[in-house]
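This report refers to the structure that appears directly beneath it.
There are 2 protein chains.
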Amino acid sequence: MSHFAPLPVPPYHAVIFTAQRREGDRGYAEMSAEMSALAERQPGYLGMESSRDGEGFGITVSYWADEAALLNWKAVAKHLMAQRLGRTRWYSHYRIRVARVERAYEGPEGR
Amino acid sequence: MSHFAPLPVPPYHAVIFTAQRREGDRGYAEMSAEMSALAERQPGYLGMESSRDGEGFGITVSYWADEAALLNWKAVAKHLMAQRLGRTRWYSHYRIRVARVERAYEGPEGR
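Chains as they are written, first to last, in the numbering used here: chain Y, 1 to 111; chain D, 1001 to 1111.
What follows is the structure in structure tokens.
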């Protein structure tokens, strides 16, 4: 169950990051680990869920207590990405959606 | 870019479904294709993004025009899942979060 983020009582915020990786690591694994470690130290961090398929298409959803926490993270993440993006290009394309989680539940029932 | 869902102007809704698959297909591929086809025919369907990693942890985010579209989809999806869940158990665990997308953008800049 370690892949799952906690289920705090809504409302809270979600950042849905979908991205197509380019081939080759080019520092990606290092950056990714660093981003995760940084996120965990941010105020208002609630958790993160991530999956990438065999074709390099990935979805990462990070959860944040409030808008301020999310904007702080954006500034930190953007700074770190910007530092690296010049030398290493990981994504051929990405989309980011910022959303407010209104309700949440889990299953299957009885487990 | 076929993995990406469109980027309509917010607000709209997102259903973030994270799930750990159990081993074995047991009708999953068939159900999954059927669910996707059904979703696409629902009023208010805006798109879907999905990724599953080598350990069976997957994230699917579906996007809906409004709350009514989302609730209709929930009823259809739940009905289909319930029909099948008795005989085939695909997930050891899942979490569902319903969120309202407030803003969205894409990158990298210049592409």
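Where a beta carbon is used, it is the ideal one built from N, C-alpha and C, also for glycine.
These figures come from a predicted structure and were not determined experimentally.
When the Cα atoms are used, residue 25 of chain Y and residue 90 of chain Y turn out to be separated by approximately 8 angstroms. Distance from the CA of residue 1107 of chain D to the CA of residue 19 of chain Y, rounded to the nearest whole angstrom, comes to 9 angstroms.
Look at residue 1023 of chain D: its C-beta is not under 8 angstroms from any C-beta on chain Y. Per DSSP, the beta-bridge partners of residue 1017 of chain D are D:1060, D:1096. Taking the Cα of residue 1081 of chain D as reference, the smallest distance to any Cα among D:1044, D:1065, D:1036 is reached at D:1036. Residue nearest to residue 47 of chain Y within the set Y:104, Y:6, Y:94, Y:54 is Y:6 (criterion: CA-CA distance). Contacts with chain Y at 8 angstroms (Cβ-Cβ) include residue 1108 of chain D. Here the segment 1056–1076 of chain D makes contact with the segment 1029–1044 of chain D; the two share three or more CB pairs at distances below 8 angstroms. Contact of residue 30 of chain Y with chain D by beta-carbon distance below 7 angstroms is absent, the smallest such distance being about 19 angstroms.
Contact of residue 1079 of chain D with chain Y by beta-carbon distance below 7 angstroms is absent, the smallest such distance being about 15 angstroms.
Non-local beta-carbon contacts of residue 1028 of chain D in its own chain, meaning distances under 6 angstroms to residues more than five positions away in sequence, involve 1090 in chain order.
Residue contact check for residue 1066 of chain D against chain Y: no CB pair falls below 8 angstroms. In the three-state reduction of the DSSP assignment, residue 84 of chain Y falls in the helix class. Within chain Y, the residues 106, 107, 108 have their CB atoms less than 8 angstroms from the CB of residue 1094 of chain D, given in chain order. Nearest neighbour of residue 71 of chain Y by Cα position, chosen from Y:99, Y:93, Y:103, Y:59, turns out to be Y:99.
Under a 10 Å Cβ-count criterion, residue 1049 of chain D is classified as buried, with 16 or more other Cβ atoms of the shown protein chains found around its own Cβ. Close to residue 1036 of chain D, with beta-carbon spacing below 9 angstroms, lies no residue of chain Y; the smallest spacing is near 15 angstroms. Residue burial is scored here from C-beta neighbours: residue 54 of chain Y has fewer than 16 other C-beta atoms within 10 angstroms and is therefore classed as exposed. Bridge pairing for residue 29 of chain Y: absent [DSSP]. Neighbourhood of residue 91 of chain Y in chain D, by CB distance below 8 angstroms: 1107, 1108, in chain order.
Approximately 7 angstroms separates the beta-carbon atoms of residue 1104 of chain D and residue 95 of chain Y; this is inside 8 angstroms, confirming the contact.
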